[in-house]
Amino acid sequence: MTSTPEFIQIRTEGRVGILTLNRPKQLNALNDQLIDELVAALKAFDADDEIGCMIVTGSEKAFAAGADIGAMASYTFSDVYKSEYITHNWDLIRSIRKPVIAAVSGFALGGGCELAMLCDFIIAADNAKFGQPEIKLAIIPGAGGTQRLPRAIGKSKAMDLVLTGRMMDAQEAERAGLVSRVVPLDKLMDEALGAALTICNYSLPSVMVAKEAVNRAFEGSLTDGAMFERRMFHALFATADQKEGMTAFVEKRKPEFKHR
Ligand code: CO8
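In this note's numbering, the protein residues as written are 464 to 723.
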């Protein structure tokens with residue numbers, strides 16, 4: 464990054480890049496600058512050979528309470544349409560190729576829930592609350608909420624959340640399949656870091672291909688996804704790490720992956 468970010472904190476732990484949303488007074492409400500900073504940091508980690516996995520997190524009280532309502536209140540259609548307000552580089556988050564884990568505590572609402580869903584999987588603290596309350600503001604979700612939420616939790620529950628604007632607690636979110644694990648609040652970062660470090664120890668090419676293949680299942684047809692999976696399964700036999708991984712298993716030792 465060229466300048467020090469104002470609304471996110473960046474640190475590393477081993478080969479894990481950790482990004483913490485940091486607008487505490489506004490419950491991490493998202494604005495263009497925060498998203499720009501987040502995208503720049505994710506892209507920098509994605510390009511960094513020393514990094515194998517990323518975590519996006521917030522504060523105990525809020526992962527992110529949505530887009531900044533105060534900033535949006537007076538905008539007109541042409542203001543937001545012309546500037547592609549707040550979503551102009553949203554798809555760049557989707558294009559990050561290394562795994563990104565969302566570690567969510569507190570509120571993940573509106574754009575906050577959409578940001579968590581844009582990550583590869585969500586680990587939630589037991590105080591997490593998810594929702595798409597945009598309907599209460601006479602708008603609708605604008606960054607994937609009406610598309611990714613039904614794919615993640617099914618039509619009925621997604622309609623319920625989008626149309627009533629109610630929040631879903633961590634337990635309901637886990638039952639519905641939105642989050643992969645729920646842990647006590649004070650264990651959230653340990654759990655996310657444990658998962659990230661596990662991923663970092665695997666061969667990076669296979670990790671990246673696995674992410675790409677699962678995203679095909681989420682976004683495309685079964686036939687195309689299965690063909691992509693088959694071809695990439697074959698392609699991974701060209702890596703040095705595949706030889707190392709299988710040889711190590713046969714020799715009953717730990718593999719030493721070189722990420723190539
Ligand atoms: N925007 C701006 N400020 C916010 C937001 C927000 N989304 N959420 C909370 N805040 C501010 C409050 O105004 C308050 O500020 P102040 O102390 O100056 O009065 C402070 O954060 C604390 O909030 P509360 O006092 O309300 O705290 P509570 O614990 O009582 O309530 C809630 C917490 C339930 C989270 C409540 O603040 C709330 O309902 N927030 C709004 C949630 C919402 O409607 N989110 C959806 C916004 S629209 C949206 O996200 C569209 C997404 C489009 C794409 C985005 C891509 C990035």
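Every residue, glycine too, gets a C-beta built ideally from N, C-alpha and C.
Considering only heavy atoms of the ligand CO8, does any lie closer than 7 Å to the CB of residue 489?
At least one heavy atom of the ligand CO8 is nearer than 7 Å to the Cβ of residue 489, so yes.
Is the beta carbon of residue 597 within less than 7 Å of some heavy atom of the ligand CO8?
Residue 597 Cβ: within cutoff of the ligand CO8.
Using 8 Å as the threshold, is the C-beta distance between residue 518 and residue 481 below it?
Yes.
With DSSP collapsed to three states, give me the class of residue 641.
In the structure shown, residue 641 sits in coil (DSSP, three-state: anything other than H, G, I, E or B).
State yes or no: is the C-beta of residue 550 nearer than 7 Å to some heavy atom of the ligand CO8?
Result yes, Cβ under 7 Å from the ligand CO8.
With residue 476 as the anchor, note down where its beta strand (DSSP E) starts and where it stops.
Per DSSP, residue 476 belongs to the beta strand (DSSP E) from 471–476.
Comparing C-alpha positions only, which one of 472, 611 and 720 sits nearest to residue 582?
It is 611 whose Cα lies nearest to the Cα of residue 582.
Classify residue 689 as buried or exposed, calling it buried when 16 or more other Cβ atoms lie within 10 Å of its own Cβ.
Burial call: exposed.
On the three-state DSSP scale, how would you describe residue 561?
Coil, per DSSP.
Check whether the Cβ of residue 436 lies closer than 7 Å to any heavy atom of the ligand CO8, and answer yes or no.
Past the boundaries of the shown model lies residue 436; the chain is included only from 464 to 723, so the question cannot be answered.
Report the rounded CA-to-CA distance for residue 647 versus residue 715, giving the unit in angstroms.
Taking the straight line joining both Cα atoms gives about 36 Å.
Report buried or exposed for residue 472, applying the criterion of at least 16 other Cβ atoms within 10 angstroms of its Cβ.
Exposed, since its Cβ has fewer than 16 Cβ neighbours within 10 Å.
Would you say residue 617 and residue 577 are within 8 Å of each other, going by their C-beta atoms?
Their beta carbons are not under 8 Å apart, which means residue 617 does not touch residue 577 by this criterion.
Would you list the residues sitting across from residue 576 in a DSSP beta bridge?
DSSP, once it has assigned bridges, lists no residue as partnering residue 576.
Note the first and the last residue of the continuous beta strand (DSSP E) segment covering residue 592.
Run containing residue 592: 592–594, per the beta strand (DSSP E) assignment.
Would you kindly work out how many angstroms separate the C-alpha atoms of residue 526 and residue 599, rounded to a whole number?
Rounded to the nearest angstrom, the two C-alpha atoms are 20 Å apart.
Below 8 Å on the Cβ atoms is my contact criterion, and I expect residue 561 with residue 514 to pass it. Report the Cβ-Cβ distance as a whole number of Å.
With 8 Å as the limit, residue 561 and residue 514 qualify as a contact, their Cβ atoms being about 7 Å apart.
Kindly indicate which three-state DSSP category residue 703 falls into: helix, strand or coil?
In the structure shown, residue 703 sits in a helix (DSSP, three-state: H, G or I).
Provide the residue span of the alpha helix (DSSP H) that contains residue 673, from first to last.
Where residue 673 is concerned, the enclosing alpha helix (DSSP H) stretches over 667–682.
Against chain D, does residue 650 count as a neighbour if the rule is that its beta carbon must be under 8 Å from one of theirs?
Protein chain content of the structure displayed is limited to a single chain, and chain D is not contained in it.
Alpha carbon to alpha carbon, how far is residue 595 from residue 706?
Distance between the alpha carbons of residue 595 and residue 706: 46 Å.
Mind listing, in chain order, the continuous alpha helix (DSSP H) runs of no fewer than 4 residues lying wholly within the region 492–527?
Fully enclosed alpha helix (DSSP H) runs of 4 or longer: 495–509.
With three or more C-beta pairs closer than 8 Å as the rule, is the region 633–650 touching the region 587–594?
Yes: the two stretches touch, three or more of their Cβ pairs being nearer than 8 Å.
Given 7 Å as the limit, tell me if residue 657 has its C-beta closer than that to any heavy atom belonging to the ligand CO8.
No, the beta carbon of residue 657 sits no closer than 7 Å to any heavy atom of the ligand CO8.
Assign residue 528 to buried or exposed, taking buried as 16 or more other Cβ atoms, counted over all protein chains shown, within 10 Å of its Cβ.
With 16 or more other Cβ atoms within 10 Å, it is buried.
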